[in-house]
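Okay, so here's the structure we're looking at.
Number of protein chains: 2
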Amino acid sequence: MNLPPAAIGAAVAEIETPALVIDLDAFERNIAKMAEFARTAGVRVRPHAKTHKCAAIARRQILAGAVGLCVQKVGEAEALVRGGVTDVLVSNEVVGERKLRRLAGLAREAKVALCFDAPEQVDAAARVAKEEGVELGALVEIEVGMERCGIAPGRDAAALARRIADAPNLKFRGLQAYHGRAQHLPTYQERAQAIAYAIDAVNETLAAFAADKLSCEIIGGAGTGTFTFEAASGVYNELQVGSYVFMDTDYARIGGKNGGRYTEFEHSLFVLSSVISVPAADRAIVDAGLKSYSAEKGPPWVHGRDGIEVVGVSDEHGKLKVAAEAAPPRIGEQVWLIPGHCDPTVNLHEWYVGVRNGRVEALWPIEARGASI
Amino acid sequence: MNLPPAAIGAAVAEIETPALVIDLDAFERNIAKMAEFARTAGVRVRPHAKTHKCAAIARRQILAGAVGLCVQKVGEAEALVRGGVTDVLVSNEVVGERKLRRLAGLAREAKVALCFDAPEQVDAAARVAKEEGVELGALVEIEVGMERCGIAPGRDAAALARRIADAPNLKFRGLQAYHGRAQHLPTYQERAQAIAYAIDAVNETLAAFAADKLSCEIIGGAGTGTFTFEAASGVYNELQVGSYVFMDTDYARIGGKNGGRYTEFEHSLFVLSSVISVPAADRAIVDAGLKSYSAEKGPPWVHGRDGIEVVGVSDEHGKLKVAAEAAPPRIGEQVWLIPGHCDPTVNLHEWYVGVRNGRVEALWPIEARGASI
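The listed protein sequences derive, respectively, from chains L and Y.
Counted the way this note's numbering counts, the first sequence spans residues 350 to 722.
Counted the way this note's numbering counts, the second sequence spans residues 350 to 722.
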């Protein structure tokens with residue numbers, strides 16, 4: 350593990366760069382806003398920890414009313430349970446004997462559930478849960494337009510749910526109906542349409558469940574780009590929102606409800622970098638590249654510095670283009686970058702540096718960094 | 350730190366996925382080929398550890414004749430020195446009091462050098478080195494067409510070298526003249542032209558150095574896409590090649606000397622994944638996404654499995670398109686992926702799993718993973 354890039358109480362100027370920095374005020378407002386929205390809408394929040402991978406953040410979300418957390422991987426579930434989270438849903442299929450045994454082990458310490466989209470997964474999990482003497486919660490994942498995992502909605506999904514309900518040591522708990530691709534559709538209307546399709550798929554499946562007297566405790570889905578639609582659907586009851594705590598340029602580029610940009614949540618996550626070279630008047634180089642932020646959604650945005658943009662990204666460097674009217678960057682100057690995609694950016698770092706009023710207030714380990722197994 | 354994804358001696362089928370796997374035979378042939386090339390060409394190899402970030406690999410490169418290693422960051426230098434590397438060049442500018450003190454500390458245990466492209470960097474490093482009572486090697490980085498860091502070649506570079514030579518506790522050792530952008534130019538001819546430009550810049554600078562009686566022990570640069578040109582230049586004497594140990598799709602796509610693809614080195618690095626869902630005949634989902642490989646150079650290639658390609662990448666999933674004539678993927682089946690870009694892919698993992706003849710032979714910690722400070 351790498352050392353934390355700052356000490357509690359240090360000034361922001363003293364943070365070693367590159368560092369993953371949270372603006373704690375903005376971060377807390379984002380968590381409060383989602384919690385208040387869910388209370389008003391009468392739905393539960395089960396935030397997705399694939400975004401933050403951090404038990405300290407999970408505990409704050411639970412304190413704000415979340416019923417538990419989602420994760421994608423067994424390793425992430427382990428990290429959260431060790432950090433005090435008592436209710437974890439793996440919103441994904443889990444394949445492999447040892448992964449299932451690890452998950453079964455966790456079920457001795459916390460309430461654990463996972464998703465299924467094929468009979469052989471059900472049989473394997475039931476066998477392991479029985480051998481380990483534990484109960485695993487089980488959701489059927491249905492295809493709702495994302496074309497990733499998920500069994501066909503309706504009768505196929507009901508048959509799989511029945512198999513779960515009849516299996517030893519599995520408890521059928523509901524439906525996983527997440528539409529990931531919908532989150533970043535460019536306009537509000539396109540996102541609304543995509544989720545309308547998902548709601549139809551859920552309703553079709555619930556009808557098939559009802560015919561077999563299967564009832565759902567959880568109907569989960571939604572992300573930061575679409576959660577208002579799922580919340581208003583009357584069928585979804587758990588929002589699996591993740592990125593809302595941080596935001597990123599990929600979310601900031603989508604369209605808002607009344608045209609313009611999507612500004613429901615504030616940018617609270619930054620990669621803090623430093624200028625290491627100013628080889629020309631129109632060019633400066635910072636010390637943060639592909640090993641400090643992911644760039645498959647494009648280069649990061651520069652925050653709070655007019656006339657400067659990132660135009661090139663390499664492994665350990667970011668190339669800044671400096672407009673003629675911009676204040677010239679100085680060697681050693683800190684530059685705040687907003688990542689293109691928060692989840693894989695967080696996955697590069699071992700520490701969050703929480704700042705408020707210009708000082709380091711918190712250092713949170715990112716326990717589930719790299720926990721892709 | 351996450352647990353290693355396999356045990357020594359285990360069958361490949363038992364490796365937990367996603368895992369970063371090295372084909373040891375191919376990897377060893379790559380190292381031997383570069384070592385033999387350099388011997389024949391009469392140049393030194395100082396491989397770049399920003400690719401592998403691993404002391405076990407650095408030690409193998411040194412055993413094959415490398416004179417030392419390059420790194421980009423102070424944290425990487427620390428990891429290698431702790432792992433037994435006695436000669437490290439930070440092929441980059443180092444800005445910041447604490448980073449310089451850490452580097453000075455390392456100079457008590459190993460031969461350490463770094464690069465400069467501005468007078469204030471020289472003054473800061475000399476002051477710290479003097480206060481710490483150590484000597485730091487110093488190279489002038491010149492701009493050779495890459496438009497990243499680097500002072501202008503010729504007289505500006507000579508003035509900076511003179512400042513270094515006159516500074517306390519810095520030892521002027523030569524020239525950093527790396528052309529990163531040239532490495533991936535599509536054709537052999539374009540790469541040759543780019544390096545011809547770099548060689549001109551080096552020669553202009555050496556003439557200016559000679560006028561001030563400054564001599565260079567190291568003239569370093571080159572990467573996996575261009576090293577034959579630098580080696581044949583008669584001026585470069587150290588090759589800073591990195592990716593040749595592994596290769597990736599970004600290198601595999603560039604053109605070779607006689608047309609066709611670039612095949613000088615073998616793919617030895619893979620992300621081993623598993624199928625977790627087969628929701629449709631033409632679609633399968635694997636358990637490795639953006640948290641297991643970087644995708645800013647496009648999705649990974651599928652290795653050794655005809656008719657299957659990665660067409661979608663999300664945080665923890667890869668979506669495979671399965672051609673009608675391909676053998677249908679099974680849930681649990683392992684799929685070998687060739688990453689788009691090896692350096693940031695390695696930076697996601699904590700362990701290399703070295704395999705030979707279908708079994709796990711080696712587990713190497715990636716000590717400098719995340720060492721971006």
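Here a beta-carbon is modelled for each residue, glycine too, at the ideal position from N, C-alpha and C.
Note that the coordinates shown come from a computational prediction; the quantities given were computed from them, not determined experimentally.
Are residue i and residue j touching if we call contact CB-CB under 9 Å?
| i | j | result |
| --- | --- | --- |
| L/ILE568 | L/VAL584 | yes |
| L/GLU716 | L/ALA428 | yes |
| L/VAL590 | L/PRO396 | yes |
| L/ASN696 | L/GLY719 | yes |
| Y/ALA462 | Y/LEU438 | yes |
| L/TYR527 | L/ALA571 | yes |
| Y/PHE619 | Y/LEU563 | no |
| Y/ILE371 | Y/TYR611 | no |
| L/ILE500 | Y/PRO677 | no |
| L/ILE687 | L/PRO649 | yes |
| Y/HIS496 | L/ARG632 | The identity of residue 496 of chain Y in the sequence shown is Glu, whereas the question assumes His. In contact: Y/GLU496 and L/ARG632 (Cβ atoms closer than 9 Å). |
| L/GLY494 | L/ALA547 | yes |
| Y/VAL684 | Y/VAL651 | yes |
| L/LEU373 | L/ALA711 | yes |
| Y/SER721 | L/ASP636 | yes |
| Y/ARG708 | Y/ALA360 | yes |
| Y/PHE376 | Y/SER617 | yes |
| L/ILE657 | L/LYS670 | yes |
| Y/ALA407 | Y/LEU588 | no |
| Y/LEU509 | Y/VAL471 | yes |
| L/ALA453 | L/VAL416 | no |
| L/THR366 | L/SER623 | yes |
| L/VAL434 | L/LEU418 | yes |
Sort out for me which residues DSSP pairs residue i with in a bridge.
| i | result |
| --- | --- |
| L/VAL443 | For L/VAL443, which the question treats as bridged, DSSP gives no partner whatsoever. |
| Y/TYR701 | Y/LEU369, Y/TRP713 |
| L/GLN683 | L/SER623 |
| L/PHE576 | DSSP lists no partner for L/PHE576. |
| L/ILE567 | L/GLY523 |
| L/ILE500 | L/ILE491 |
| L/ARG708 | L/ALA360, L/ARG705 |
| Y/VAL658 | According to the sequence as given, residue 658 of chain Y is Glu; it is not Val. Looking at the DSSP assignment, Y/GLU658 forms a beta bridge with Y/LYS670. |
| Y/VAL394 | Y/LEU588 |
| Y/LYS646 | Its beta-bridge partners do not exist; DSSP assigns none. |
| L/ASP436 | L/LYS460 |
Report the residue from the options whose alpha carbon sits nearest the alpha carbon of residue i.
| i | options | result |
| --- | --- | --- |
| Y/TYR593 | Y/GLY661, Y/PRO714, Y/ASP692 | Y/ASP692 |
| L/ARG512 | L/GLU496, L/LEU488, L/ALA387 | L/LEU488 |
| L/GLU613 | L/ASN351, L/ALA362, L/VAL361, L/ARG378 | L/ARG378 |
| Y/GLN532 | Y/LEU524, Y/GLY647, Y/ILE544 | Y/ILE544 |
| Y/ALA473 | Y/ALA506, Y/LYS670, Y/ALA360, Y/ASN518 | Y/ASN518 |
| L/GLN421 | L/ALA404, L/GLY433, L/VAL443 | L/VAL443 |
| L/ASP655 | L/GLU674, L/ASP599, L/GLY647, L/VAL471 | L/GLU674 |
| L/ILE596 | L/ASN586, L/ASN607, L/GLY574 | Sequence check: residue 596 of chain L is Met here, not Ile. Ranking the options by Cα distance to L/MET596, first place goes to L/GLY574. |
| Y/LEU352 | L/LEU639, L/VAL651, L/GLU425, L/ILE364 | L/GLU425 |
| Y/ASN586 | Y/ALA359, Y/ALA360, Y/THR389 | Y/THR389 |
| L/ILE491 | Y/LEU524, Y/SER626, Y/HIS690 | Y/SER626 |
| Y/GLU665 | Y/GLY482, Y/CYS419, Y/ALA459, Y/ILE634 | Y/ILE634 |
| Y/ALA362 | L/GLU363, L/CYS403, L/ARG447 | L/ARG447 |
| Y/TYR600 | Y/LYS402, Y/ALA541, Y/PRO535, Y/GLN542 | Y/PRO535 |
So what's residue i in DSSP terms, helix, strand or just coil?
| i | result |
| --- | --- |
| Y/ASP664 | coil |
| L/ASP636 | coil |
| L/GLN589 | coil |
| L/PHE465 | strand |
| L/GLU691 | This sequence places Cys at residue 691 of chain L; Glu is not what is there. Of the three classes helix, strand and coil, the one that applies to L/CYS691 here is helix, per DSSP. |
| L/GLY604 | strand |
| L/GLU613 | coil |
| Y/ALA487 | strand |
| Y/LEU412 | helix |
| Y/ALA629 | strand |
| Y/ASP597 | coil |
| L/ASP561 | coil |
| L/HIS528 | coil |
| Y/LYS402 | coil |
Return the Cβ separation of residue i and residue j in integer angstroms, given the expectation that the two are a contact with Cβ distance under 8 Å.
| i | j | result |
| --- | --- | --- |
| Y/LEU455 | Y/VAL430 | 5 Å |
| L/ALA475 | L/THR554 | Not quite, the Cβ-Cβ distance comes to about 21 Å (not below 8 Å), so this is no contact. |
| Y/LEU621 | Y/ALA368 | 5 Å |
| L/GLY689 | L/SER643 | 7 Å |
| Y/GLY605 | Y/TYR537 | 7 Å |
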